[in-house]
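Since the structure comes first, as structure tokens, the remarks are kept for the end.
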Amino acid sequence: IVIESDQVHSFYLKPVEKFNLPNYKPGQFLTFRFDIPGQEKSVVRCYSLSDAPGNDYFRISVKRIPAPRKKPELPPGLSSSFLHDHVKERDQIKVLAPNGNFCLPEGRNLNKIVMIGSGIGITPVLSMLNHLDKTGIKSGSDIWFFYGVRNGSEQIMKQHLKKVAEANKYLNLHVCFSAPGEQDTLGEDYHIAGRVSLDLLKKTLPGNDFDFYFCGPGPMMADLAEGLDAWGV
446 IVIESDQVHS FYLKPVEKFN LPNYKPGQFL TFRFDIPGQE KSVVRCYSLS DAPGNDYFRI
506 SVKRIPAPRK KPELPPGLSS SFLHDHVKER DQIKVLAPNG NFCLPEGRNL NKIVMIGSGI
566 GITPVLSMLN HLDKTGIKSG SDIWFFYGVR NGSEQIMKQH LKKVAEANKY LNLHVCFSAP
626 GEQDTLGEDY HIAGRVSLDL LKKTLPGNDF DFYFCGPGPM MADLAEGLDA WGV
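Start counting the sequence shown at 446; every next residue gets the next number (the numbering used here).
Structural data, given as structure tokens:
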């Protein structure tokens, strides 16, 4: 278990018995079945894999979901609280094989891609980015990665993203803070003050001739999908 931020922990999973883990496509998820004390039935949840395929482990990065801001009387996220507060290293948990259709396709040209992750929605697109970095971003590619959070206290994988960007000349990294804190420095901690939006994409990208992969809160996803469609993507 690795603490990525105050809200996000990464969990590295290995099989109890000796066998090779099934491979997966970048962007896919795992399905978990948790036996949570006080719950009459097992709780089933899905979490995106947050690292590249081909390792001897699976990794998920989970945000603790608090009670809604406007309804603090409601309980916090059941499974995320269980993972953060009760699951310890070497505990055994039940996991189904990887699944999901939101993933980089095999055998397709992957040299013109825009990946967008907002909040904890970074996890599946981070898997995609790590896969491209691991397999090698081809010369002449045009790869863009946008990561949006409120400020540095919510940011994860800061040094990792910086390292990947520095190692790949055809990768453009843009970290966006919608509400930068006093301790956050423009140009060092983040690149853009504001949310990841269609207007930002139009100002930043050289055009719309890209494959777009994005994940984040529902309203952001809906607005972006509608805007990209209107832009001719």
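Note that beta-carbon positions come from the ideal geometry of N, C-alpha and C, so glycine has one too. Note that this is a predicted model, so its numbers are computed, not measured.
| Asked | Found |
| --- | --- |
| Over the uninterrupted beta strand (DSSP E) stretch that includes asparagine 617, give me the two end residues. | 616-622 |
| Valine 447 to serine 572, Cα distance in whole Å? | 17 Å |
| Measure the C-alpha to C-alpha separation of alanine 542 and isoleucine 505 and round it to an integer number of angstroms. | 13 Å |
| Whose C-alpha, out of Leu458, Gln600, Thr630, is nearest the C-alpha of arginine 535? | Leu458 |
| Determine, using beta carbons only, whether aspartate 578 and valine 609 come nearer to each other than 8 Å. | yes |
| Tell me, which residues are paired with arginine 478 by DSSP? | Val489, Lys539 |
| Shortest alpha-carbon distance to glycine 652 belongs to which of Phe479, Cys548, Trp589, Asn596? | Trp589 |
| Take glycine 594 and list the residues in its own chain whose beta-carbon comes closer than 7 Å to its own, dropping the five residues that flank it on each side. | Strictly speaking, residue 594 in this sequence is valine, with glycine absent from that position. If we look at valine 594 and ignore the five residues flanking it on each side, its Cβ neighbours are Gly564, Gln600, Phe622. |
| To which residues of the same chain is aspartate 496 closer than 7 Å at the C-beta, ignoring the five residues directly before and after it? | Arg504, Ser572, Asn575 |
| In the DSSP output, which residue or residues are listed as bridge partners for proline 523? | Contrary to the premise, residue 523 reads as leucine rather than proline in this sequence. Partner(s): none; leucine 523 has no beta bridge. |
| Comparing C-alpha positions only, which one of Gly545, Asp654, Tyr592 sits nearest to leucine 618? | Tyr592 |
| Would arginine 478 and valine 489 qualify as a contact pair, given that the criterion is a beta-carbon distance under 8 Å? | yes |
| Which word fits isoleucine 538, buried or exposed, when buried means at least 16 other C-beta atoms lie within 10 angstroms of its C-beta? | exposed |
| Which residue wins for smallest C-alpha separation from serine 455, given the options Ser524, Leu528, Pro498? | Leu528 |
| State yes or no: is the C-beta of leucine 475 within less than 8 Å of the C-beta of valine 532? | no |
| Would you grab the beta carbon distance between glutamate 587 and lysine 557 for me? Rounded to a whole angstrom, and I think it's under 8 Å. | In the sequence as presented, glutamate is not what sits at residue 587; that position holds aspartate. Contact flag correct, Cβ pair sits at about 5 Å. |
| By the 10 Å Cβ neighbour count, where 16 or more other Cβ atoms means buried, how is lysine 607 classified, buried or exposed? | exposed |
| Between glutamine 452 and the rest of its own chain, which residues show a CB-CB distance below 7 Å, the 5 nearest in sequence each way excluded? | Lys508, Arg509, Glu599 |
| Between glycine 581 and serine 524, what straight-line distance do the alpha-carbon atoms span, to the nearest angstrom? | 36 Å |
| Since glycine 499 contacts proline 569 with CB under 8 Å, what's their CB separation in whole angstroms? | Not quite, the Cβ-Cβ distance comes to about 16 Å (not below 8 Å), so this is no contact. |
| Where does histidine 576 sit, in a helix, a strand or coil, going by DSSP? | helix |
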